[in-house]
Amino acid sequence: MSWKASERLMDTIRHYANFPATGVSLRQMVQFGERPSVGTLFRASQFLAEELPIRLAHRVEELTNLPDGLNEMPSVKKVLDWYAQSFEEITVLPRPNLERDIRERLLNPGKFYNGRGSMLSEAIPNPSIREGQYASAPVGNTGMNGGRKHQGARRYFAMVDDTGDWPPELQAYNSKFAQCLHKIKRRHDGVVTTMAQGILEYKRKRQRMQIDNNIQSFLDRFYMSRIGIRMLIGQHIALTDQSHHRDPTYVGIICTKTNVRDLAQEAIENARFVCEDHYGLFEAPKVQLVCNPDLNFMYVPGHLSHMLFETLKNSLRAVVEAHGQDKQEFPVTKVIVAEGREDITIKISDEGGGIPRSAIPLVWTYMYTTVDRTPNLDPDFDKSDFKAPMAGFGYGLPISRLYARYFGGDLKLISMEGYGTDVYLHLNRLSSSSEPLQ
Ligand SMILES: Nc1ncnc2c1ncn2[C@@H]1O[C@H](COP(=O)(O)OP(=O)(O)OP(=O)(O)O)[C@@H](O)[C@H]1O
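In terms of the numbering used here, the sequence shown opens at residue 28 and continues consecutively.
So this is what it looks like as structure tokens:
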């Protein structure tokens, strides 16, 4: 790979990094409906063609300025190059030249659509975070009163009329743009593993056991931003690709009727399977699930599966290790799902001996694990987004908490040392809260 960012590109990146990211809510993401029109998709592409470079630019800036030589680690540089290259690909993609009336139609959809054009439910602040907790750069420092004005002009969703007679350039641009996003998504598949590798390189070089608070909060911001970028990209690709017959409960990758019991059951089976496999058990410890079978809500099934699988794996591991692999019977882990007006809460209770209180803050740090041997980190090992290339890296809990917070939920852990652990996964069902990026 000989790609290298030019000085000019870095200048453009610095310019984009002056603008704040615009958070989008789950509710806004589903407003597209099952089959958005060419015009609507084009508007969304235009939003993303500015928003994604802004988000990527913030990451490049942060990676460039990482303290204490962390920015010099080969794997960190590799990640930085991916971000810069993706930034370039989006910003150089030629936009179509549109006739005036088409531009009018796109910009003032209301006029053509019985006044229902650009309706948009506003995103409310994310309740799970302190203001600015995952924000990229000091906002306010945007010069030319840039940020705000710029932000107001851009909307993620605008319903544009669906008469079908859009010029072919629009359709062509939409599919080029989606292809470009697809390529970028694939390029970034290995970011978590490669970044983890970079942190390992740093820890070895500096002979550090743990990472400090600065680096911890950088990683939180970095991975949170990655969740958002991939969410927007994944959503856009899925919305554009209307070739196959889709499930009507899906809008992009969001399922408007995510069935909690089915997903939990599947996560339990997967975690038990991994546990049997890992410890060579005839039968993994049992898990009891208490959940209303009709409980559905709007969510991204991939995110929920990921969080459940990670926490269940932890519980099963703790149970087996606390009671000994040679046991015939283990205490049952309980998964209780409660349905409130605001939240759906999933409690995972195990009798795996708990965690000492002094170690609780550590479980949220990256790279904290009680697995003796961290597995070999080959960035190509498993590039799938959700499955567990991280086994034994200590990424399970902190990343799951980011997923929960991303849509206004949270992940909490309470332990009784000597007995077991309760993990509470709160999922916000109002879903109008913004991505926690501002
Ligand atoms: N239910 C639990 N009971 C006891 N200890 C736990 C439990 N959940 C997590 N831990 C402790 O917290 C540590 C960190 O958990 P985390 O899920 O972040 O990483 P990991 O399981 O070690 O590796 P990974 O999840 O990345 O494969 C674990 O190594 C374990 O010591």
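Where is the CB? At the ideal position from N, CA and C, for every residue including glycine.
Practice problem: Could you tell me how far apart the beta carbons of histidine 453 and aspartate 377 are, in whole angstroms, since I believe they sit closer than 8 angstroms? | Solution: The pair is not a contact, with the Cβ atoms about 18 angstroms apart (cut-off 8 angstroms).
Quiz prompt | Any alpha helix (DSSP H) of 4 or more consecutive residues that is wholly inside the stretch 339-372 | solution = With a minimum length of 4 residues, no continuous alpha helix (DSSP H) run stays inside the stretch 339-372.
Self-check item: Counted within 10 angstroms of its Cβ, other Cβ atoms place aspartate 407 as buried (16 or more) or exposed
Solution: With a pLDDT of 43 at aspartate 407, under the threshold of 50, the modelled position of this residue cannot be trusted; read the value that follows with caution. Under this definition aspartate 407 is an exposed residue.
Quiz prompt | Local conformation of phenylalanine 245 per DSSP, three classes | solution = In this structure, DSSP gives phenylalanine 245 a helical state, which the three-state scheme calls helix.
Quiz item: With a CB to CB cut of under 7 angstroms and the five nearest residues on each side skipped, what residues in its chain are close to glutamate 228?
Solution: Apart from the 5 residues on each side of it in sequence, glutamate 228 sits with its Cβ closer than 7 angstroms to the Cβ of Met100, Pro101, Ser102 in its chain, given in chain order.
Quiz item: Does any heavy atom of ligand 1 sit closer than 8 angstroms to the C-beta of alanine 205?
Solution: The answer is no for alanine 205.
Practice problem: Assign tyrosine 326 to buried or exposed, taking buried as 16 or more other Cβ atoms, counted over all protein chains shown, within 10 Å of its Cβ. | Solution: Around the beta carbon of tyrosine 326, a 10 Å sphere encloses 16 or more other beta carbons of the protein chains shown; the residue is thus reported as buried.
Quiz prompt | glutamine 55 versus Lys104, Arg213, Tyr183, Val87, residue with shortest Cα-Cα distance | solution = Sorting Lys104, Arg213, Tyr183, Val87 by C-alpha distance to the C-alpha of glutamine 55 places Tyr183 at the top.
Quiz prompt | Nearest to glycine 351 (by Cα), restricted to the options Gly307, Trp30, Glu337, Gln224 | solution = Selected option, being the one with the closest Cα: Gly307.
Practice problem: Using beta-carbon positions only, say whether asparagine 241 and proline 463 come within less than 9 angstroms of one another. | Solution: No.
Practice problem: Keeping to the same chain, check which residues put their C-beta closer than 7 angstroms to that of alanine 345; ignore five residues upstream and five downstream. | Solution: Excluding sequence positions up to five before and after alanine 345, its CB lies within less than 7 angstroms of the CB of Asp377, Gly379, Gly380, Thr448, all in the same chain and listed in chain order.
Exercise. Let me know the secondary structure DSSP gives glycine 447 once reduced to three states.
Key: Per DSSP, reduced to three states, the secondary structure at glycine 447 is strand.
Quiz item: Ends of the beta strand (DSSP E) at methionine 478?
Solution: What is shown of the chain runs 28 to 465, which leaves residue 478 out entirely.
Self-check item: Given glutamate 529 as reference, the closest of Trp391, Leu68, Ala431 once Cα atoms are compared
Solution: Outside the shown range of the chain (28 to 465) lies residue 529, about which nothing can therefore be said.
Quiz item: Is serine 442 buried or exposed, if buried means 16 or more other CB atoms sit within 10 Å of its CB?
Solution: Serine 442 sits buried, since 16 or more C-beta atoms from the chains shown fall within 10 Å of its C-beta.
Quiz item: Once you ignore the five residues that flank aspartate 289 on each side, which residues in its own chain have a CB closer than 8 angstroms to its CB?
Solution: Here the set comprises nothing.
Practice problem: Could you tell me the boundaries of the beta strand (DSSP E) in which valine 314 lies? | Solution: Taken as a continuous stretch (DSSP letters only), the beta strand (DSSP E) holding valine 314 covers 314-317.
Quiz item: Applying the criterion that 16 or more other CB atoms from any shown protein chain within 10 Å of the CB defines a buried residue, is tyrosine 24 buried or exposed?
Solution: With the chain covering 28 to 465 only, the question about residue 24 has no answer from this structure.
Self-check item: Buried/exposed call for glycine 19, threshold 16 Cβ in 10 Å
Solution: Outside the shown range of the chain, which is 28 to 465, sits residue 19, and nothing can be said about it.
Quiz prompt | Cβ shell of serine 252 (< 8 angstroms), same chain only, five flanking positions each side left out | solution = Ala48, Arg82, His85, Arg86, Tyr161, Ser163, Leu464, listed in sequence order.
Exercise. Could you tell me whether any non-hydrogen atom of ligand 1 is closer than 8 angstroms to the CB of tyrosine 306?
Key: Tyrosine 306 Cβ: outside cutoff for every heavy atom of ligand 1.
Exercise. Run through the stretch 74-150 for me and flag every whole alpha helix (DSSP H) of 4 or more residues, listed as ranges in chain order.
Key: Taking only runs of at least 4 residues, the alpha helix (DSSP H) segments lying wholly in the stretch 74-150 are 101-119, 127-134, 136-139.
Exercise. Keeping to the same chain, check which residues put their C-beta closer than 6 angstroms to that of arginine 456; ignore five residues upstream and five downstream.
Key: Within the same chain, arginine 456 has close Cβ partners Phe324, Ile371.
Exercise. With a threshold of 8 angstroms, establish whether the CB of phenylalanine 420 neighbours any heavy atom of ligand 1.
Key: Within the cutoff, so yes.
Quiz item: Expressed to the nearest angstrom, what Euclidean distance is found between the alpha-carbon atoms of glutamine 73 and leucine 133?
Solution: Their backbone Cα atoms lie some 11 angstroms apart in a straight line.
Quiz item: Just checking, does the stretch 355-367 make contact with the stretch 196-207 on the three C-beta pairs under 8 angstroms criterion?
Solution: Using a Cβ-Cβ distance cut-off of 8 angstroms, the stretch 355-367 and the stretch 196-207 are not in contact, since fewer than three pairs of beta carbons, one from each stretch, lie closer than that value.
Self-check item: Local conformation of tyrosine 433 per DSSP, three classes
Solution: The answer is helix: DSSP assigns tyrosine 433 an H, G or I state.
Practice problem: Name the one or two DSSP bridge partners that tyrosine 393 has. | Solution: Looking at the DSSP assignment, tyrosine 393 forms no beta bridge with any residue, so it has no partner.
Exercise. List the endpoints of the continuous alpha helix (DSSP H) containing isoleucine 281.
Key: First-last for isoleucine 281: 281-286, but that is the beta strand (DSSP E), not the alpha helix (DSSP H).
Quiz item: Cβ-heavy atom distance between isoleucine 238 and ligand 1 below 8 angstroms?
Solution: Distance from the C-beta of isoleucine 238 to the nearest heavy atom of ligand 1 is not below 8 angstroms.
Practice problem: Classify methionine 236 as buried or exposed, calling it buried when 16 or more other Cβ atoms lie within 10 Å of its own Cβ. | Solution: Counting C-beta atoms within 10 angstroms of its own C-beta, methionine 236 has fewer than 16 neighbours from the protein chains shown and is therefore classed as exposed.
Self-check item: Three-way DSSP call (helix, strand, coil) for tyrosine 277 in this model
Solution: For tyrosine 277, the secondary structure class from DSSP, reduced to helix, strand or coil, is strand.
Quiz item: Taking Cβ positions, are leucine 339 and isoleucine 375 nearer each other than 9 angstroms?
Solution: Yes, the pair counts as a contact, with Cβ atoms nearer than the cut-off.
Exercise. Just mark valine 119 as buried or exposed, buried being the case when its beta carbon has 16 or more other beta carbons within 10 Å.
Key: Result: exposed.
Quiz item: Excluding sequence positions up to five away, which residues of its chain have a Cβ less than 6 angstroms from the Cβ of phenylalanine 336?
Solution: Listed in chain order, the non-local C-beta contacts of phenylalanine 336 below 6 angstroms within the same chain comprise Ala294, Asn297, Ala298, local neighbours out to five positions each way being set aside.
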